[in-house]
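Asks: Numbering (the numbering used here), first residue to last: 309 to 1286.
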């Protein structure tokens, strides 16, 4: 292992076990003489790359930040009045510093283990409540990826959920006033799935024909605010469902979609304090009428109870449904924009209903002043009923006006040669209005009384009435609320998160620092290219680095989640086959052990899923593979494989599998979720892959943020390059494939993190990180194998970057389950490994290269102690039902209770290791009852009285506590109860 100079020593801070003695200790446990010898045993020679990565030498943190400053300096900040779904906003500093830039929030994992996720679950429940109130619908999720793809999800949901037989296979009708990027995203999804989309001016009523669903925009992209109640009623009469894409800030003044009869509302929460970020990440939302919640995509936070009957939060209903329903999943979305949803929810907590309405009124008033002034100057303003956006007729002058505005430091929307768009926002000032009017040769006038929202659309209902939105008015109160919530959780800033397949590694501060710089964060995604030179240089450089790392020919960073990268890759394969006239190639082979989103993504790409069996040793069953290839030889489109495999090993036969698929005319999709085991050692594009997605939120250090943001770039060989994601906002600008997200560069705002990581590590450092990740996983496997057998190993007897611990025999003998172990780990201060995936009754562990030897030993000691408690059950010291394992986690309230009748001591309950007495984490709730939460679905912030009685009457069934549930008393719930 190379030790870099002090000038480039970041690698020493990224890799946890770097000292000679620590490395040697781990090698001794594994039984290898050197790190290279371990790699030679673990990684098949047939896939190894011949040359080192051709990347620049590692930079120091100072040098990297200087380069980022130089790139940021090439961007030009401006007053952003382009609109089109993206608006400038003010992120309250208390939220920016303590959440967006707070490691307790951005390093947290998805809240699948609810007992240690109560803080972020409460913040997400606040988000759901905020959305439900503003859109006037009873159930909201938390959250989706961006507005355009959220509308596409709504369209697909309408097609699934419409029970009217006559309308079920009808067309989808979209209002012509929808955002153009949204229209193009929906058309792309429809083309792959084979249904019709018609775009029409719905102010004139619905078009003829059978209609499955209708999509409206409020306000429209033109700015028009229209009373949609008539067209919604007409749609219902004709058997269609209705989706409204709505601006949350506008809904503080405008009648909510739910009150007008809409079935679904979708949109973006971006303007609630989330920076523009050059297009993302931004939290999209979806809310639905009752009866649709069980087919709603995304995550849904619900209220349940713990083992003591205390209200607690959990992910409800469809948690990880892709891993359960696979190709029958209703969506391939398995992630969210949790961190950004939390920012938006805290923005609503910060401002409250009065504050939000005051902001909206100011935004609207500024637009009214512009409209009245421009009308007085002789310009034709297209609509008199609007919220924040004007469409202005300027015959033949559009280009000159937009150019003049840009010179004055203001970006307007160029619609066509005769039309300009102007959008006001929270940051608009009277001085900005004067400058804009000056560009038009106009002067400010008083807002005319006839330029206003029409009475039919004015909101009369209350919103955000829950105490949480009126309690934390001072910064002191909000700061303490944020701190209280974060203290309830376990994130990477406090402990190792040993999740297999999820790669929870260091998110270094130097990597994170640039994302909130105004020169990166305040850039509109549709700003002129002259203002985004630095952004585009950074993105191009990162794409080149990822191309070199993966061995492919081209990379697109547009997909804003791993699932969307999968879809992009499969759509590229589909496009390739169609271009060759092979439209019959629609079968996608997927191993039984694959990530659940693989199958769902294949279905969304218009493919038919055929499952390939798994052999006893965890590899692909070659006999079954050969049979499936022979059976589908003429219709084979692709195979999706994960490498290293989902079972945590390097299959030596991967090249044989790729060759067999290519010989049959198919393409090879290699899921890059486990790329952390390959970087610098092997390149998927060189050992048989045609296309892969990568997870920048795993291998390349973008933090998980409690379940998002994510970036899932797609990398492809040259023959697939023409089918890479296109530009939804401007199809003529960029690649020619199906667009995946609303903005050209997806979640660009977090790309400086991965760019900085690669620069800080350099090619040699990245390779060292991979080797260290392999060493760490094999060290844990070797140390724990005698206590919990490692289920799968490769030909060399080693694992890859993760290992599966098999508890099934122990469960048979003692009744102690893998879930019991997962919950007991909380008492030791650990997040659980991945539970029951890919094999039921197991735990999958991935330490990553960032964990030091002491932390890994702390985890190992905890697992050994837990095995001792399992042995106590086996020896009859206590029954499994009375054991600390089944009663875990133990809350502080339980530990100090005057009534203690358990078969083990309080000390064993909460201090099973002496070291815990100095630094102890107490879960805020006991084990959460998931089944109770699903039977009594509560997905907003209610007072305790609203659900207490049903919980008390609904005794949990034996064994119903589910790993996907958890909750602690919601602060506003308790406040309301008082």
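Every residue gets a Cβ at the ideal spot worked out from N, C-alpha and C, and that includes glycine.
Quick caveat: nothing in here was measured; it's all calculated off a predicted structure.
Taking all protein chains shown into account, decide if residue 1204 is buried (16 or more other Cβ within 10 angstroms of its Cβ) or exposed.
Replies: By the neighbour-count rule (16 or more Cβ atoms within 10 Å), residue 1204 is not buried but exposed.
Asks: How would you write the range of the beta strand (DSSP E) that residue 1007 sits in, first residue to last?
Replies: Run containing residue 1007: none; DSSP gives neither H nor E here.
Asks: In this structure, how does DSSP classify residue 781 when only helix, strand and coil are distinguished?
Replies: Looking at residue 781 - three-state DSSP - the assignment turns out to be coil, as it is neither helix nor strand.
Asks: Cα separation between residue 1286 and residue 1134?
Replies: Bear in mind that a pLDDT of 24 at residue 1286, under 50, signals an unreliable position, so the number given afterwards is only what the model happens to contain. Whole-angstrom Cα-Cα distance: 30 Å.
Asks: Please work out which residues of its chain come closer than 7 Å, Cβ to Cβ, to residue 511, disregarding the five sequence neighbours upstream and downstream, and give them in chain order.
Replies: Contacts found: 534.
Asks: Please state whether DSSP places residue 520 in a helix, a strand or coil.
Replies: Residue state, collapsed to three classes: strand.
Asks: I want to know whether the segment 931–943 touches the segment 1116–1130 - three or more CB-CB distances under 8 Å.
Replies: The segment 931–943, when compared against the segment 1116–1130, does not touch it at the 8 Å Cβ threshold.
Asks: Helix, strand or coil for residue 1169 per DSSP?
Replies: Helix, per DSSP.
Asks: Please report the straight-line C-alpha distance between residue 530 and residue 835, rounded to a whole angstrom.
Replies: Taking the straight line joining both Cα atoms gives about 18 Å.
Asks: Determine the contact status of residue 867 and residue 1048, defining contact as a CB-CB distance below 8 Å.
Replies: Result yes, Cβ atoms of residue 867 and residue 1048 sit closer than 8 Å.
Asks: Name, in chain order, the residues that DSSP records as bridge partners for residue 621.
Replies: Answer is 611.
Asks: Please give the ranges of any beta strand (DSSP E) in the segment 1109–1162, keeping only runs that are unbroken, at least 3 residues long and fully inside the region.
Replies: List check, beta strand (DSSP E) in window: 1111–1114 and 1150–1153.
Asks: In three-state DSSP terms, what is residue 720?
Replies: Residue 720 falls in the strand class under three-state DSSP.
Asks: Below 6 Å CB to CB, which residues in the same chain sit around residue 1026 once its five sequence neighbours on both sides are set aside?
Replies: Excluding residues within five positions, the ones whose Cβ falls inside 6 Å are 861.
Asks: Check whether the segment 968–977 touches the segment 992–1000, taking contact to mean three or more Cβ pairs, one atom from each stretch, closer than 8 Å.
Replies: Yes, since at least three Cβ pairs between the segment 968–977 and the segment 992–1000 fall closer than 8 Å, the two stretches touch.
Asks: With which residues is residue 1033 paired in a DSSP beta bridge?
Replies: Looking at the DSSP assignment, residue 1033 forms a beta bridge with 1045.
Asks: Is the CB-CB distance between residue 647 and residue 1139 below 8 Å?
Replies: No, they are not a contact pair.
Asks: Span of the beta strand (DSSP E) holding residue 1001?
Replies: It spans 999–1002 - the beta strand (DSSP E) in which residue 1001 sits, taken as one unbroken run.
Asks: For the candidate residues 447, 1172 and 1004, whose alpha-carbon lies nearest to that of residue 603?
Replies: Per the Cα distances, 447.
Asks: If residue 1062 and residue 1004 are in contact, beta carbons under 8 Å, what's the gap, nearest whole angstrom?
Replies: Yes, they are in contact, since the Cβ atoms of residue 1062 and residue 1004 sit about 5 Å apart, within 8 Å.
Asks: Given this structure, state the Cα-to-Cα distance separating residue 769 from residue 664, to the nearest angstrom.
Replies: Using only the alpha carbons, I get a separation of about 14 Å.
Asks: Rounding to the nearest angstrom, what Cα-Cα distance links residue 401 and residue 379 in this structure?
Replies: The alpha-carbon atoms of residue 401 and residue 379 are separated by roughly 24 Å.
Asks: Are the Cβ atoms of residue 387 and residue 740 separated by less than 8 Å?
Replies: Yes, they are a contact pair.
Asks: Assign residue 979 to one of three DSSP states: helix, strand, or coil.
Replies: Here residue 979 sits in strand by DSSP.
Asks: Taking residue 909 as part of the alpha helix (DSSP H), name the residues at either end of that continuous run.
Replies: Where residue 909 is concerned, the enclosing alpha helix (DSSP H) stretches over 904–912.
Asks: Identify whether residue 335 lies in helix, strand or coil by the three-state DSSP scheme.
Replies: Three-state DSSP puts residue 335 in a helix.
Asks: Just how far apart, CA to CA, sit residue 613 and residue 810?
Replies: Spanning the two alpha carbons is a distance of roughly 28 Å.
Asks: Considering only residues of the same chain and omitting the five flanking positions on each side of residue 672, which have a CB-CB separation below 7 Å?
Replies: Result list for residue 672: 561, 695 and 696, in chain order.
Asks: Hey, how far is the Cα of residue 771 from the Cα of residue 966?
Replies: Each residue's Cα considered, the two are about 56 Å apart.
Asks: Taking only runs that begin and end inside the segment 392–424, name each unbroken alpha helix (DSSP H) of 4 or more residues, in chain order.
Replies: Runs of the alpha helix (DSSP H) inside the segment 392–424: 411–414.
Asks: Please state whether DSSP places residue 342 in a helix, a strand or coil.
Replies: Three-state DSSP puts residue 342 in coil, outside helix and strand.
Asks: Would DSSP call residue 1192 helix, strand or coil?
Replies: Coil, per DSSP.
Asks: Can you tell me where the alpha helix (DSSP H) holding residue 753 begins and where it ends?
Replies: That residue, residue 753, is in no alpha helix (DSSP H); it is neither H nor E in DSSP.
Asks: For residue 530, which three-state DSSP category applies?
Replies: Coil, per DSSP.
Asks: On a CA-only basis, which of 442, 589, 891 and 1130 is nearest residue 553? Give me that one, please.
Replies: Among 442, 589, 891 and 1130, the Cα nearest to that of residue 553 is on 442.
Asks: Going by C-alpha to C-alpha distance, which of 946, 851 and 901 sits closest to residue 879?
Replies: The candidate whose alpha carbon is nearest that of residue 879 is 946.
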